[in-house]
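Quick note: the first sequence, position 422, residue 1279 per my numbering, numbers continuous.
Glycine included, each C-beta is placed from N, C-alpha and C at the ideal position.
Have a look at the structure below before the remarks.
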Amino acid sequence: MELELERELQKHFRFSTFRTGQKEIIQDVLNGNDVLGILPTGSGKSICYQLPAIMMDGLTIVVSPLISLMMDQVKEMKANHFKKVIAINSFMNFEERREIYRNIHTYKLLFISPELLSQDFIIHLLQRVKVSLFVIDEAHCISQWGYEFRPDYLKLNSIIEKLGNPPTLALSGTATPEVQADIMTSLNKPEMIKHIYPMDKPNIAFCIEEVENDQEKNDMIIQLLKKYNIPTLIYFSSRLTAESFTRFLSEKLQGRRVGFYHAGMEPMDRVMIQQQFMNNQLDIVCCTSAFGMGINKGNIRLIIHYHIPLQLESFIQEVGRAGRDGKSSVSLLLFSKSDMLLPNHLIKSELPDAKDLSNVFGYLRDLTLQDMDLPKDDVQIQNLFNLNETQWRFLRYQLEKHHLIHDNKIMDYNKTWEDIYQSIFHVINSRVKLKISKLTEIIKWIHEDRCLRDTLYQGFQPTHSGAEFQCCSNCGFTWSEWTPEQQEIESNLGLNWENKLKKLLLLDI
DNA sequence: TTAGGGTTAGGGTTAGGGTTAGTGACGGTGCAAACCT
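Have a look at this one:
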């Protein structure tokens, strides 16, 4: 068995040895166990399901949060001469999708979103093939997105059951013990075998600066970026500010290539900015939290937070994109007292409040009394109830869970309505409370006097390595002592046309 | 009396991604149309 695994790895991926954690996870998976694997990004998480998928009979299903991640995976595997892999999404046309459904039994590996996987038709289709392994990639999304933003993540447990309870593998790069427990509870698999590996970054120095206002933030950033010409990400909690700051930087830093990135942009523009940054054709990207998942660029040297993330988990994920190559990198978080308004607003806008909830129940009751269904169009419902998209999605999930609505039919009015109201009201309250406490946690960390590295990681893992370079602003970090490797002017400069062509072709296999 | 510092209030803002209808596959049964003698 031992040697056999290495032989399979060599045969299919041309690696002679496994990286940390891979083999242990794969062995447990092949033995039919449910496994939770926390491996740092860039450590080859995907091998953990790709190799079992090849070796096992039947189909491996991989739930992935982003279509772009699915595409990357399929492209990579096909480049590795593995052809029995496919991703389904709603952008494919009818014919393409029908072709996949017809040939579903010929694939070994299927990438799919939780939303598509929640559709009855897809479940019926997959019930006809043997599902050998069920994988949740970026499994922290269950905890981070499932409760409000993408409730279909919470339906995975019932989907796994409908598929005959295949062995389940949940993978993530960052998950606190709290998030790990949340994943297992949500999947209804309390007995998962855990393989947890440290994700602290010894090569990143943590720096926090309190300022009076945004003007001071701007001055400080300009001063820094004038000194350092290095691949830099600046995180914002506002799309508009990210855009306007990009213009500001372009003005102040002549010759520096600056771009912005957020979820409100055209998909083509997003791909372009990401590619340019990856290929060192952009120096600085001003972005929202949309930027990052699946970005594998080794030489990001500086991550600046212009606004405070809503939780330490997000901060760690965003900061973790620096210094993947192991070289000295810095995280700088800027904050002023007035910054508290923004995260508070974001938390509130995610969930309906008490007034919204009683409004909705009133409307629903009126509709049943008139023997009417909910409108078919969700936008119409949102307008009717005066909720935003996320609030209504959260509420729809809750109402469906309590069987008060099904599709667009509303349950007849009876005395259980009051219990359901109370139950949803309770969920909202505890979610808001939890989010506020997470925000409080990061605020507390920002005001910490002790070592920032120690206090940041203490909730995430039992121990962590010390700093490899400078530690943090509480341990005497100084900018004057920081001399990062400066960026080469143009990454392709050293390549002749033949190598450039090879590089291009490799990128597009 | 005035410049300057500190505080507060008020205005309008605010992240994240997927999806939308149709679709597959199989065997058994019942029935009607087509074909053969």
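For ILE1161, the residue or residues it bridges with in DSSP:
What you label residue 1161 is simply residue 304 of the first sequence in a count that begins at 1. DSSP, once it has assigned bridges, lists ILE1091 and LEU1189 as partnering ILE1161.
Going by alpha carbons, who is nearest to SER921 out of GLN1239, SER970 and GLU1073?
For this step, residue 921 is matched to residue 64 along the first sequence. Comparing Cα positions, the closest option is SER970.
Backbone CA spacing between ASP1228 and ASP1234 [nearest angstrom]:
Position 371 of the first sequence holds residue 1228. Position 377 of the first sequence holds residue 1234. Taking the straight line joining both Cα atoms gives about 18 Å.
ALA910, enclosing alpha helix (DSSP H) - first and last residue:
What you label residue 910 is simply residue 53 of the first sequence in a count that begins at 1. It spans 904-912 - the alpha helix (DSSP H) in which ALA910 sits, taken as one unbroken run.
If you scan the segment 1099-1160 from start to end, which runs of the alpha helix (DSSP H) of 4 or more residues do you find wholly inside it?
Taking only runs of at least 4 residues, the alpha helix (DSSP H) segments lying wholly in the segment 1099-1160 are 1124-1135.
Just checking, does the segment 951-967 make contact with the segment 1017-1028 on the three C-beta pairs under 8 Å criterion?
Taking 8 Å as the limit for Cβ pairs, the verdict is that the segment 1017-1028 does not touch the segment 951-967.
Taking only runs of the alpha helix (DSSP H) that begin and end inside the segment 1217-1288, which ones reach a length of at least 4 residues, in chain order?
Secondary structure within the segment 1217-1288: the alpha helix (DSSP H) runs of 4 or more consecutive residues, fully enclosed, are 1235-1242 and 1246-1258 (chain order).
Cα-Cα, which of ILE999, LYS1019 and LEU1020 is closest to LEU1011?
Here residue 1011 refers to the residue found at position 154 when the first sequence is read from its first residue. Residue ILE999 is the option with its Cα nearest to LEU1011.
Using alpha carbons as the reference points, say which of ARG959, GLU1123, GLN1239 and ASP994 lies closest to HIS981.
In the first sequence, the residue the question calls residue 981 occupies position 124. Cα-wise, what sits closest to HIS981 is ARG959.
Relative to the alpha-carbon of HIS997, which residue among THR1297, ILE895 and ASN1245 has its alpha-carbon at the smallest distance?
Locating residue 997 in the first sequence gives position 140, where the first residue counts as 1. Taking only the C-alpha atoms, the option nearest HIS997 is ILE895.
Taking all protein chains shown into account, decide if GLN1168 is buried (16 or more other Cβ within 10 angstroms of its Cβ) or exposed.
The sequence position of residue 1168 within the first sequence is 311, counting from 1. Burial of GLN1168 is indicated by the presence of at least 16 other C-beta atoms within 10 angstroms of its C-beta.
Among SER925, LEU893, LYS940 and ASN1265, which has the Cα closest to the Cα of ALA910?
For the purposes of this step, residue 910 is taken as residue 53 along the first sequence, with counting starting at 1. It is LYS940.
Residue from ILE979, GLU1175 and GLY1155 whose Cα sits closest to the Cα of CYS1143
Residue numbering aside, residue 1143 sits at position 286 when the first sequence is read from its first letter. Ranking the options by Cα distance to CYS1143, first place goes to GLU1175.
Considering only C-alpha positions, which residue in the set MET912, GLY915, ILE904 and MET913 is nearest to VAL931?
By 1-based counting over the first sequence, the position of residue 931 is 74. Of the listed residues, the one whose Cα sits closest to VAL931 is ILE904.
Let's see if you can read the secondary structure: which residues bound the beta strand (DSSP E) around CYS1332?
Position 475 of the first sequence, counted from the first residue, corresponds to residue 1332. Under the DSSP assignment, CYS1332 falls outside any beta strand (DSSP E); it carries neither an H nor an E label.
I need the straight-line Cα distance from ASN1245 to LEU866, nearest angstrom please.
By 1-based counting over the first sequence, the position of residue 1245 is 388. By 1-based counting over the first sequence, the position of residue 866 is 9. Approximately 48 Å, taken between the alpha carbons.
C-alpha gap between ARG985 and HIS1263, whole angstroms:
Reading the first sequence from its first residue, position 128 is the one you call residue 985. Reading the first sequence from its first residue, position 406 is the one you call residue 1263. Their backbone Cα atoms lie some 26 Å apart in a straight line.
Among ASP1213, PRO1232, ARG1253 and PHE978, which residue has its Cα nearest to the Cα of ASN1243?
Here residue 1243 refers to the residue found at position 386 of the first sequence. Closest option to ASN1243, Cα to Cα, is ASP1213.
Should the segment 1316-1328 be regarded as contacting the segment 1048-1061, the criterion being three or more beta carbon pairs within less than 8 Å?
Judged by Cβ distances under 8 Å, the segment 1316-1328 makes contact with the segment 1048-1061, as three or more pairs qualify.
How big is the Cα-Cα spacing for GLU1368 and ILE1078?
Since the first and last residues shown for the chain are 858 and 1366, residue 1368 lies out of range.
Buried/exposed call for VAL1236, threshold 16 Cβ in 10 Å:
Numbered from its first residue, the first sequence carries residue 1236 at position 379. Exposed, by the Cβ-count rule.
Do you know how far the Cα of LEU862 is from the Cα of ARG871?
Looking up residue 871 in the first sequence gives position 14. Looking up residue 862 in the first sequence gives position 5. The C-alpha of LEU862 is placed about 12 Å away from the C-alpha of ARG871.
Whole-angstrom distance between HIS1162 and GLY1351, CA atom to CA atom:
Position 494 of the first sequence, counted from the start, is the residue given in the question as residue 1351. Position 305 of the first sequence, counted from the start, is the residue given in the question as residue 1162. Summary for GLY1351: the model assigns pLDDT 48, below 50, so the residue's position carries little reliability; its value from the coordinates is reported in the next sentence. GLY1351 and HIS1162 have their C-alpha atoms spaced approximately 33 Å apart.
Report the residue ranges of all alpha helix (DSSP H) runs contained in full by the segment 882-950; include only those spanning at least 4 residues, in chain order.
The DSSP assignment places complete alpha helix (DSSP H) segments of no fewer than 4 residues inside the segment 882-950 at 904-912 and 924-936, in order along the chain.
By a C-beta neighbour count over all protein chains shown, 10 Å radius and 16 as the cutoff for buried, is LEU1198 buried or exposed?
Along the first sequence, read from residue 1 onward, the residue named residue 1198 stands at position 341. Classification for LEU1198: exposed.
Host beta strand (DSSP E) of HIS1052 (start-end)
Indexing the first sequence from 1 puts residue 1052 at position 195. Unbroken beta strand (DSSP E) run through HIS1052: 1050-1053.
For the pair the segment 1060-1075 and the segment 1033-1040, tell me if three or more CB-CB distances fall below 8 Å.
Between the segment 1060-1075 and the segment 1033-1040 there are fewer than three inter-stretch CB-CB distances shorter than 8 Å, so the stretches are not counted as touching.
What are the boundary residues of the alpha helix (DSSP H) that ALA1062 is part of?
As a working mapping, residue 1062 is identified with position 205 in the first sequence. It is not in any alpha helix (DSSP H) - ALA1062 instead sits in the beta strand (DSSP E) that spans 1061-1067.
Can you list, in chain order, the residues of its chain whose CB lies under 6 Å from that of SER975, leaving out five sequence neighbours each side?
Taking the first residue of the first sequence as 1, we reach residue 975 at position 118. Residues of the same chain with a CB within less than 6 Å of the CB of SER975, apart from the 5 flanking positions on each side, are ASP1009 and LYS1012 in chain order.
Is the beta carbon of SER1186 closer than 8 Å to that of PRO1034?
Taking the first sequence and counting its residues from 1, one reaches residue 1034 at position 177. Taking the first sequence and counting its residues from 1, one reaches residue 1186 at position 329. Between PRO1034 and SER1186, the C-beta gap is not smaller than 8 Å, which leaves the two residues out of contact.
Quick check on GLU1275: buried or exposed, where buried means 16 or more other Cβ atoms within 10 Å of its Cβ?
As a working note, residue 1275 is residue 418 in the first sequence. Taking all protein chains shown into account, GLU1275 has fewer than 16 neighbouring C-beta atoms within 10 Å of its C-beta and is therefore exposed.
Specify whether the segment 1119-1139 and the segment 1176-1183 touch according to this definition: at least 3 beta carbon pairs, one from each stretch, less than 8 Å apart.
Put simply, the segment 1119-1139 does not touch the segment 1176-1183. Fewer than three CB pairs are less than 8 Å apart.
Which value, in whole angstroms, describes the spacing of the CA atoms of ARG1307 and ASN888?
In the first sequence, the residue the question calls residue 1307 occupies position 450. In the first sequence, the residue the question calls residue 888 occupies position 31. Using only the alpha carbons, I get a separation of about 45 Å.
Bridge partners of ALA1027, per DSSP?
Counting from 1 along the first sequence, the entry for residue 1027 is found at position 170. DSSP, once it has assigned bridges, lists LEU893 and ILE993 as partnering ALA1027.
Beta carbon of GLN1255, beta carbon of VAL1284: below 8 Å?
Residue 1255 sits at position 398 when you count from the first residue of the first sequence. Residue 1284 sits at position 427 when you count from the first residue of the first sequence. A distance below 8 Å separates the beta carbons of GLN1255 and VAL1284.
Selection from ILE924, SER1095 and ASN937 that minimises the alpha carbon distance to ILE821
Outside the shown range of the chain (858 to 1366) lies residue 821, about which nothing can therefore be said.
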